Amino acid sequence: MRFRTLALLLLLALITGFAAMNWALFIAPASLNLGLGSIQAPLGLVLLGLLGLLTLAFSLYLAFWQGTVLLETRRHAKEIQAQRELADQAEASRFTELKTVLQAEMAGLAAKLLASQQALSQDMREHSNALAAQIAELDDRMKQG
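Heads up, my numbering is the position in the sequence shown plus 2, with the first residue counted as 1.
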C-alpha cells in the first residue's frame, strides 16, 4: 500500500480507538444549540457522525476526481494514438515520395547511361571505320609502292 493510504488507515484506527475508550462520554446526552433551537443529543455521537459524513463526502469527491482524471487520461491516450497514427501515415507518405523520387532519378540516370553507351558505341564504330579506311589506304600504298 502507499504511504498515504497507510497514514489514513492509521488515523482512522486512532479515531476509532479514541471513540471506543471514551464511549461513555460519546453517548452522554448534552444540550446542543442549533441556532434556531436546541436539542438533547449525545455530542460525541453527533461529532462522530459529522466526521463520518465528512469522510464520506471526501471519499465521494476523491472518487469523482479520480474518475475525471481517468476519463481525461483515456482521452489523452486516444489523442496521442491518433497523433501517432497521423505521424506514421506522414512518414509512410514521405517514404513513398522518396521512393518515387529515387525511381525517377534512377530512370534518368539509366537513360543517360544508355545514351552515353550508344554514343560511345557510335564513336567506336566511326573510329573503327576510320581506322579500317586508313589501314586499307596504307595497304594500297604498300602494294603500289
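Every residue, glycine too, gets a C-beta built ideally from N, C-alpha and C. None of the values given here were measured: they were computed from a predicted structure.
Just how far apart, CA to CA, sit residue i and residue j?
i: Thr18; j: Ala79; result: 42 Å
i: Val103; j: Leu140; result: 55 Å
i: Ala112; j: Ala138; result: 38 Å
i: Gly37; j: Arg76; result: 48 Å
i: Leu116; j: Arg86; result: 44 Å
i: Gly69; j: Leu62; result: 10 Å
i: Phe60; j: Leu14; result: 14 Å
i: Leu12; j: Leu55; result: 19 Å
i: Thr57; j: Gln91; result: 50 Å
i: Ala132; j: Lys114; result: 27 Å
i: Phe5; j: Leu72; result: 22 Å
Go ahead and pull the three-state DSSP assignment for residue i.
i: Ala21; result: helix
i: Arg6; result: helix
In the DSSP assignment, the alpha helix (DSSP H) including residue i goes from what residue to what residue?
i: Leu34; result: It is not in any alpha helix (DSSP H) - Leu34 instead sits in the beta strand (DSSP E) that spans 31-35.
i: Leu38; result: Note, Leu38: premise wrong, no alpha helix (DSSP H); not H, not E.
i: Arg76; result: 45-146
Got a sec? Which residues, its chain only, sit under 7 Å from residue i by beta carbon, not counting five neighbours each side?
i: Phe28; result: Ala21, Pro44, Gly46, Leu47, Leu50
By Cβ distance below 8 Å, which residues in the same chain neighbour residue i in space, the five residues on each side in sequence not counted?
i: Leu64; result: none
i: Gly30; result: Correcting the residue type first, residue 30 is Ala in the shown sequence and not Gly. Here the set comprises Pro44, Leu45, Gly46.
At the 9 Å Cβ level, is residue i part of the contact set with chain D, yes or no?
i: Ala65; result: Absence of chain D from the displayed structure is noted, only one protein chain being present.
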